[in-house]
Structure formats: C-alpha cells, structure tokens
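**Q** Just passing along the structure, written as structure tokens.
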Amino acid sequence: MDTHRDNHVAVVLSLSGAVLGTEEFPATTAGYRDLLKWATKSGTVRRAGVEGTGSYGASLSRYLLAQGVDVFDVNRMDQAEHRRRGKTDPLDAQNAARAVLSGRARARAKAGDGPVQIARMYKLTKVWPSKPARRPSTSSRPF
Numbered sequence: 104m105d106t107h108r109d110n111h112v113a114v115v116l117s118l119s120g121a122v123l124g125t126e127e128f129p130a131t132t133a134g135y136r137d138l139l140k141w142a143t144k145s146g147t148v149r150r151a152g153v154e155g156t157g158s159y160g161a162s163l164s165r166y167l168l169a170q171g172v173d174v175f176d177v178n179r180m181d182q183a184e185h186r187r188r189g190k191t192d193p194l195d196a197q198n199a200a201r202a203v204l205s206g207r208a209r210a211r212a213k214a215g216d217g218p219v220q221i222a223r224m225y226k227l228t229k230v231w232p233s234k235p236a237r238r239p240s241t242s243s244r245p246f
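In structure tokens:
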C-alpha cells in the first residue's frame, strides 16, 4: 500500500503476481475497514506491504495487525527507479505488494504497543511542560 495523509492506495496481487485490483481508500478507520473488506473479496489476506509504517501508514498497520494480517514495512522506491518507471500511487502500491510477494520486504511493522512505545509515551509525559512558559525578557541585553 502507498500511504498518504488523506488516503491510501492498495493493490491486490495473486500468488503468481498478477494484479487483481487497485483501489484508493480514505485514511480513516472506516477506510481501513473498507480496504480490508475490498481486499478479502479476492481471497484471504495474510500479508500486506505498507510504505511508511512509522508515519502515514502507522494507523493502517496497527489496524491490519489487529485483524491478524502480517504487515511488512516496505521501503519507498529509490529516486533512480522512480525516474525510470514513473511515479504514480498505484505503481508504488504495486511495488510494495511485489516486495512482500518476492520476500524482499522482511521488516515487520511495529504494533505500537510494546515496551518501546510505553517508554516513548512516558518520556512524552515527562517532557511535556507542566507550567506555562516564562515570558521572554524584554531587555536588550544579550544573554
């Protein structure tokens, strides 16, 4: 899947690599539900390749993991490849699916609920300001 802030583009491939379908869905919980429902019309969904599992694809990845789908973090295509083949969202989604099918994508997406996430949330609460910021000095004197 090619992920963006407002929408995600998904491609379903057969086991032999033939494109069975391409569709765009909103980046919302309802959109994730619709995406998975659409994909399962072509058969059982066991694995998914998602670009940007740490950014725009994070919520989608967590949703798919919660539904029992193995999610793999797929690297974006390099710039030389983009120039040679062209840049379209359906093509990027297709490349992500092919990376999973071929075994090139091996990094599993993080569920976002492990000890690292807990430590990150703890640090955010400690760093978050508990008092209003001090007013800056109006003095012209340098510090």
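Okay, so the sequence shown: first residue is 104 according to this note's numbering, each after it adds one.
No residue lacks a Cβ here, since even glycine has one placed at the ideal position from N, Cα and C.
What you are looking at is a predicted structure, and each value in this text was computed from that prediction instead of being measured.
Considering only residues of the same chain and omitting the five flanking positions on each side of GLN197, which have a CB-CB separation below 8 Å?
**A** Counting from 1 along the sequence shown, the entry for residue 197 is found at position 94. Taking C-beta separations shorter than 8 Å and ignoring five residues to either side along the sequence, the partners of GLN197 in its chain run VAL114, LEU116, VAL122 and THR125, following chain order.
**Q** Among the residues of its own chain, which have a CB less than 6 Å from the CB of LEU167, if the five just before and after it don't count?
**A** Along the sequence shown, one-based indexing puts residue 167 at 64. Excluding sequence neighbours, LEU167 sits near ALA151 and VAL174.
**Q** Run through DSSP, which three-state label would LEU116 get?
**A** The sequence position of residue 116 within the sequence shown is 13, counting from 1. If DSSP states are grouped into helix, strand and coil, LEU116 belongs with the strands.
**Q** Going by DSSP, what residues sit across from THR125 in a beta bridge?
**A** Reading the sequence shown from its first residue, position 22 is the one you call residue 125. THR125 is bridged to VAL114.
**Q** Quick one: grab the DSSP three-state call for ASP109.
**A** On the sequence shown, residue 109 is found 6 positions in, with the first residue counted as 1. Residue state for ASP109 is assigned as coil, using DSSP reduced to three classes.
**Q** Consult DSSP for ARG136 and reduce its assignment to one of helix, strand or coil.
**A** Position 33 of the sequence shown holds residue 136. Of the three classes helix, strand and coil, the one that applies to ARG136 here is helix, per DSSP.
**Q** Name the residue from SER119, ALA133 and ALA130 whose alpha carbon lies nearest to the alpha carbon of ARG201.
**A** The sequence position of residue 201 within the sequence shown is 98, counting from 1. Out of SER119, ALA133 and ALA130, SER119 has the C-alpha closest to the C-alpha of ARG201.
**Q** For VAL153, which residues of its own chain have a beta-carbon under 8 Å away from its beta-carbon, when the five flanking residues on both sides are left out?
**A** Taking the first residue of the sequence shown as position 1, residue 153 is located at position 50. Only MET104, THR106, GLY160, LEU163, SER164, LEU167, VAL174, PHE175, ASP176, VAL177, ALA199 and ALA212 meet the Cβ criterion.
**Q** Using a Cβ-Cβ cut-off of 6 Å (strictly less than) and excluding sequence neighbours within five positions of VAL112, which residues of its own chain qualify?
**A** Translated into the one-based positions of the sequence shown, residue 112 becomes position 9. In the same chain as VAL112, and ignoring 5 residues on each side of it, the C-beta atoms closer than 6 Å to its own belong to ASP105, GLU127, ASP192, PRO193 and ALA196, in chain order.
**Q** Should GLY146 go down as buried or exposed, given a rule of 16 or more other Cβ atoms within 10 Å for buried?
**A** What you label residue 146 is simply residue 43 of the sequence shown in a count that begins at 1. Per the 10 Å Cβ criterion, exposed.
**Q** Who are the near neighbours of ALA142 in its chain, counting only those whose CB is closer than 7 Å to its CB and skipping five residues on each side?
**A** What you label residue 142 is simply residue 39 of the sequence shown in a count that begins at 1. The answer, listed in chain order, is ALA113, VAL115 and VAL148.
**Q** Measure the Cβ-Cβ separation of ASN110 and ALA133 and say whether it is below 8 Å.
**A** As a first step, residue 110 must be located in the sequence shown, where it is residue number 7. As a first step, residue 133 must be located in the sequence shown, where it is residue number 30. Cβ atoms of ASN110 and ALA133: not closer than 8 Å.
**Q** Can you list, in chain order, the residues of its chain whose CB lies under 6 Å from that of VAL203, leaving out five sequence neighbours each side?
**A** Numbered from its first residue, the sequence shown carries residue 203 at position 100. Closer than 6 Å at Cβ, skipping near neighbours: ARG150, GLY152 and PHE175.
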